[in-house]
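Visitor: Encoded as structure tokens, here's the structure I'll be asking about.
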Amino acid sequence: MEEKEKQIREKIKTLVKEFWQAKQSAGKFVPGKTRVQYSGSMMDERELNEVVEATLNGWFGLGPKARAFETKLSEFIGVNSCLLTNSGSSSNLLAVAALTSPQLGEKRLKPGDEVITVACTFPTTLNPILQHGLVPVFLDVELGTYNLLAEKLGKAIGGKTKAIMFAHTLGNPHDMNEIMDFAKERGLYVIEDNCDALGSEVHGKKTGSFGHYSTLSFYPAHQITIGEGGAVVTNDRQLAKLAESFRNWGRACWCTGDERSPLGACGMRFAFKVDGVPYDHKYMYSNIGYNLKPTEINAAMGVPQMEKLPKFIEARRKNHAFLHSELQKFEDRLILHETFEGIGAKPSWFAYAITVREPSAGLTRDGLVKFLEAKNIETRPLFAGNILHQPAYQGIKCRVAEKLANSDKILRDTLMVGVYPGLDQEKLSYIADGIGEFMAKA
Ligand SMILES: Cc1ncc(COP(=O)(O)O)c(C=O)c1O
């Protein structure tokens, strides 16, 4: 690098640090005035400087910073392969799309095949199933864990069942050994939507390392952020190649663009034919794909975020445990947020979920939400609730395998508050006291 360029880069770096520190000095917590967010990005001058450096490097497509982030993610989750995307929703789309590839032969998902999932869901965990002409088969979730009970999978199985797809709700792990055993016996694919659960563990392993594919989101609400972004991970080499093909326009070639040789990564760029015509492998398409790549600028935030991740997970656990202990006294009236017992669940929590047990005139979800929001404490419902009640899903082709009573209740009676690392003790106590104040009058 030219000496002059090096000096300017150093100056910019120092200025970015100064700028960040100046920006942070404002604002003390004022109860009722300061917004107590339910989530938010946790970054500092390091992420900002990585973004600036990626910009100064002048190549905005995926590059070395993205690859370093992918490697860190694979190592952390304990899988062979990680592919960055531009969102968690794109990752879910990609995982389902890749399983429809003709390259999987008879094992591919075809229109009309059934996919077992849950009714209380995030929309883009379900949408790729519908978008590929597959038929969702809905099960209910449990109250308190908001997850699927693995022993109920048998209720949903049918002659056309080919896959199971679900999210580890709010970071809470499913019983993955039982789900994988069920799937293996019947030759089903499993897609773990791990978007809310980066860092969660079950049976001594990370969530996201069990299924055929698992997905991640790096939107700022999640455990780490790159602004907008996501990933698809897998342990299966063929599935890794398929995901890459579908992400990159459906192309057959897996060159990254960095190859020195004009003959590409495989060294055989000009040895292929399209319908008998010699053709450049870079422009040969083996799947009907998309372009779902993020930019190097977004990906640049990944490595510093990964280095902070263990601390973020610890803070989320501590904050969740604090709210859990503070809310024990209302357990007769509120369903508190729990894990499944006996599976070694160690969630990397996304939020704290609360369900009103028996709504009454004074105690409703709506009442609690409005009370907390008036105090500037952010709340959210549990995603779509029973998604079958949402306007977009009226009349979809699906099968409902059991009564969805809990999902209906979640739509009516569940809310969540934050546990993200940006909540210090003062803010957490403010949330707990706010709930306590409402409950005292309810
Ligand atoms: C369970 C789950 N899946 C998928 C997504 C989609 O992620 P993104 O916002 O990155 O598209 C989210 C978003 O919060 C989510 O909570």
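Numbering (the working numbering), first residue to last: 796 to 1237.
A virtual CB, placed ideally from N, CA and C, is assigned to each residue, including glycine.
(1) Can you tell me which residues form a DSSP beta bridge with F933?
(2) Can you tell me the Cα-Cα spacing of L1129 and A1110, whole angstroms?
(3) What do you reckon, is the C-beta of G939 under 8 angstroms from a heavy atom of ligand 1?
(4) Quick check: G966 and S836, are their CB atoms within less than 9 angstroms of each other?
(5) Can H1017 be considered in contact with ligand 1, in the sense that its beta carbon sits closer than 8 angstroms to one or more heavy atoms?
(6) According to DSSP, which residues form a beta bridge with I1092?
(7) Is Y941 near R1175, with beta carbons less than 9 angstroms apart?
(8) Could you name the residues that DSSP lists as bridge partners for Y1188?
(9) Could you spell out where the alpha helix (DSSP H) holding M975 opens and where it closes?
(10) Quick check on D1070: does DSSP put it in helix, strand or coil?
(11) Considering only residues of the same chain and omitting the five flanking positions on each side of L889, which have a CB-CB separation below 7 angstroms?
(12) Would you mind reading off the limits of the alpha helix (DSSP H) that contains V846?
(13) Is the beta carbon of L878 less than 9 angstroms from the beta carbon of I807?
(14) For the segment 1081-1164, list the beta strand (DSSP E) runs that are entirely contained and at least 3 residues long, ordered along the chain.
(15) Can you tell me whether A1140 is buried or exposed? The criterion is at least 16 other CB atoms within 10 Å of its CB, across all chains shown.
(16) Is the separation between the beta-carbon of V811 and that of I1092 shorter than 9 angstroms?
(17) Only counting the same chain, and skipping five residues up and downstream in sequence, which positions put a Cβ closer than 7 angstroms to that of T1159?
(18) For L1238, which residues does DSSP report across the bridge?
(19) Judging by CA-CA distance, which residue of V891, N875, G939, L894 is the nearest neighbour of I1205?
(20) Could you name each continuous beta strand (DSSP E) segment of 3 residues or more that falls completely within the segment 1007-1081, going from the start of the chain to the end?
(21) Which one of E1221, D1031, G1062 has the shortest CA to CA distance from F825?
(22) Give the DSSP-derived three-state secondary structure of E798 in the structure shown.
(23) Measuring straight from C-alpha to C-alpha, what distance separates H1132 and S1202?
(24) Using alpha carbons as the reference points, say which of H969, V932, P906, L1167 lies closest to K1000.
(25) Could you pull the start and end residues of the alpha helix (DSSP H) that K1236 belongs to?
(26) Output the boundary residues of the alpha helix (DSSP H) element that contains T866.
(27) Do I911 and A1196 have their beta-carbon atoms positioned less than 9 angstroms apart in this structure?
(28) So what's E987 in DSSP terms, helix, strand or just coil?
(29) Using a threshold of 9 angstroms, state whether the C-beta atoms of A992 and S1143 are closer than that.
(30) Among the candidates G1062, G1052, N1082, whose CA atom is the shortest distance from the CA of K1036?
(31) What does DSSP give as the partner residues of I959 in its beta bridges?
Guide: Answer, in terms of the structure:
(1) T912, V1195
(2) 24 angstroms
(3) Incorrect: G939 has no Cβ contact closer than 8 angstroms to ligand 1.
(4) No, the pair does not count as a contact, with Cβ atoms beyond the cut-off.
(5) yes
(6) The partner list for I1092 (beta bridge, DSSP) is empty, contrary to what the question assumes.
(7) no
(8) In DSSP, Y1188 forms no bridge with anything.
(9) Start and end: 971-981.
(10) The answer is coil: DSSP assigns D1070 none of H, G, I, E or B.
(11) T880, V1027, A1038, F1041, R1042, L1087
(12) 840-852
(13) no
(14) For secondary structure counted as the beta strand (DSSP E) over 3 or more consecutive residues, the segment 1081-1164 holds these complete runs in sequence order: 1146-1151.
(15) buried
(16) Not a contact, by the Cβ cut-off of 9 angstroms.
(17) Cβ contact annotation for T1159 (same chain, cutoff 7 angstroms, sequence separation greater than five): V1151, in chain order.
(18) The chain is shown only over 796 to 1237; residue 1238 falls outside these bounds and no answer can be derived.
(19) For the residues V891, N875, G939, L894, the minimum Cα distance to I1205 belongs to G939.
(20) 1008-1012, 1025-1029, 1067-1069, 1072-1074
(21) This sequence places Val at residue 825; Phe is not what is there. Residue nearest to V825 within the set E1221, D1031, G1062 is E1221 (criterion: CA-CA distance).
(22) It is helical.
(23) 15 angstroms
(24) H969
(25) First-last of the alpha helix (DSSP H) with K1236: 1220-1236.
(26) 859-872
(27) In contact: A1196 and I911 (Cβ atoms closer than 9 angstroms).
(28) strand
(29) yes
(30) N1082
(31) I911, V985
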